[in-house]
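In my numbering, the protein residues as written are 15 to 451.
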């Protein structure tokens, strides 16, 4: 296991007590005599986060210094749970924190129990992603997690008048103490529009709609805090926050419309897709986080390398289920349209980077998108998918292996995302031996 040795903030009981007091007063802005349990929790969270930051920065410096290959874990869910208890335990600070709070007349168990779950996941898929991030930090693997910073998660359940009701899980009503907003890390993400071809035959996608992806980073420390990787979550922002022209006409709802439509993308996990609008939102949501993540990955790669032929040597992208499968045509599109690489070479490079985790044995549970919807939301990607499908089928026929009709990506006017991920992945695994076989 890789170890990083560095000076850390003092971790004895007295130092923690003084740090908690300082954050309560100067960060939270509360007096000890009037502070609530939530205030004490926020103060302790800041103190624990302070202890994470140095190894987090040291990890980044070491990865760059050694030119490490990075694992990028793309998942629509990250069920990270309550970070205060996990981080305090991983850093070996639980006993000192418990004693420090006791000195201040506050019960440690009450404080950690007050933390809301981060509404970033729903079940096993999200828990698997969170566990992998924690494990990679523990064993010193250079890794990033990429997902969406949902405003309301899935939903929360309450009983009213003897009946169960579903409500928005508004976990971000208070500041999330573990994240760092990265306003400098933003990327424009397009949807719709048309594909144009210039005189040289070069394709260019001209989107009809654009939103901005903004990054929020959460450090994920491993056991004993020797290594800390990053969970980077994307939030959708409008290109225009407020449209003054319709406002001045008295169209107040119209003035806010661009912001509302953009922010809808990162509002909830798994929006209802029984309607056409719901299907479109779900596809936009998946492409939004994948496109932002790939932009970020390529930016980081190009900061130290200039040859895309090295991309598979330095980048391993893990697709957690079919939700991020659109990464395959997006990566091929970027290499072709933005960097002038021929399709066959672009596909080879992309396939060298991508890996896929299968979560189901039931074909009907694997995502499928109507070709009409795909062409409407992502017209250039539909062209790339058709080319990947054609390339794969021709390769199978030429080799004489397999049944080409059984592994089509496009069938019955549907894009089969499981087949797309499988065909474009260097390696495929399942969540168990049963799913893998």
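Built from N, CA and C at the ideal position, the CB exists for glycine as well.
* Whole-angstrom C-beta distance between residue 331 and residue 349, which should lie under 8 angstroms -> With a Cβ gap of about 13 angstroms, residue 349 and residue 331 do not count as contacting.
* Asked: Taking the alpha helix (DSSP H) that residue 104 falls in, what are its first and last residues?
  -> 97-104
* Write down the C-beta distance between residue 114 and residue 30 rounded to the nearest angstrom, noting that I regard them as a contact closer than 8 angstroms. => 4 angstroms
* Helix or strand or just coil, what does DSSP make of residue 87? -> strand
* What do you get for residue 301, buried or exposed, if any count of 16 or more other CB atoms within 10 angstroms of its CB means buried? -> buried
* Asked: Are residue 439 and residue 334 close, meaning C-beta to C-beta below 7 angstroms?
  -> no
* Straight-line gap, residue 108 to residue 102 (C-alpha atoms, nearest Å) -> 5 angstroms
* Quick one: what's residue 227 bridged to in DSSP? -> 201 and 250
* Asked: CA-CA distance, residue 313 and residue 199?
  -> 10 angstroms
* Asked: Under the three-state reduction of DSSP, which class applies to residue 262: helix, strand or coil?
  -> helix
* Asked: In whole angstroms, what separates the C-alpha of residue 19 from that of residue 310?
  -> Because the pLDDT of residue 19 is 42, which lies under 50, any placement of that residue in the model is unreliable, and the number read from its coordinates should be weighed accordingly. Between residue 19 and residue 310, the C-alpha separation is close to 29 angstroms.
* Asked: Is it buried or exposed for residue 26, if we count other Cβ within 10 angstroms and need 16 for buried?
  -> exposed
* Distance, residue 139 Cα to residue 187 Cα -> 25 angstroms
* Buried or exposed: where does residue 264 fall if 16 or more other Cβ atoms within 10 Å of its Cβ makes it buried? -> exposed
* **Distance between beta carbons of residue 245 and residue 234, contact taken as under 8 angstroms** => 6 angstroms
* CA-CA distance, residue 260 and residue 266? -> 7 angstroms
* Asked: Residue ranges of each alpha helix (DSSP H) run of no fewer than 4 residues wholly in the region 315-375, ordered along the chain?
  -> 325-328, 341-347 and 357-367
* Asked: Going by the CB atoms, is the gap between residue 285 and residue 271 shorter than 7 angstroms?
  -> no
* **Inter-residue CB distance, residue 96 and residue 131 (contact presumed, cutoff 8 angstroms)** => 6 angstroms
* To do: Quick one: grab the DSSP three-state call for residue 41.
  => coil
* **residue 281 - DSSP class collapsed to helix/strand/coil** => coil
* Would you please state the rounded distance, in angstroms, between the beta carbons of residue 169 and residue 183? I believe it to be under 8 angstroms. => 6 angstroms
* residue 444, DSSP secondary structure in three states -> strand
* To do: Return the CA-CA distance between residue 151 and residue 73, expressed in angstroms with no decimal places.
  => 10 angstroms
* What's the C-alpha gap between residue 415 and residue 423? -> 17 angstroms
* To do: State the start and end residues of the unbroken alpha helix (DSSP H) segment that holds residue 55.
  => 51-79
* Is residue 126 helix, strand or coil by DSSP? -> helix
* Measure the Cβ-Cβ separation of residue 325 and residue 367 and say whether it is below 7 angstroms. => yes
* Asked: Leaving out the 5 sequence neighbours to the left and right, which residues in its chain are closer than 7 angstroms to residue 82 when beta-carbon positions are compared?
  -> 156
* Asked: What are the boundary residues of the beta strand (DSSP E) that includes residue 473?
  -> This structure cannot speak to residue 473, because the chain is shown only from 15 to 451.
* What span of residues does the beta strand (DSSP E) with residue 161 cover, start to end? -> 157-162
* If you compare alpha carbons, which of 318, 319, 401 and 243 is closest to residue 344? -> 401
* To do: Using the Cα positions of residue 154 and residue 209, report the straight-line distance between them to the nearest angstrom.
  => 43 angstroms
* So is residue 135 buried or exposed if we call it buried at 16+ other beta carbons inside 10 Å? -> buried
* Asked: If residue 1 and residue 225 are in contact, beta carbons under 8 angstroms, what's the gap, nearest whole angstrom?
  -> With the chain running from 15 to 451 in the structure shown, residue 1 is simply not present.
* Quickly, what does DSSP pair residue 178 with across the bridge? List them, please. => 173
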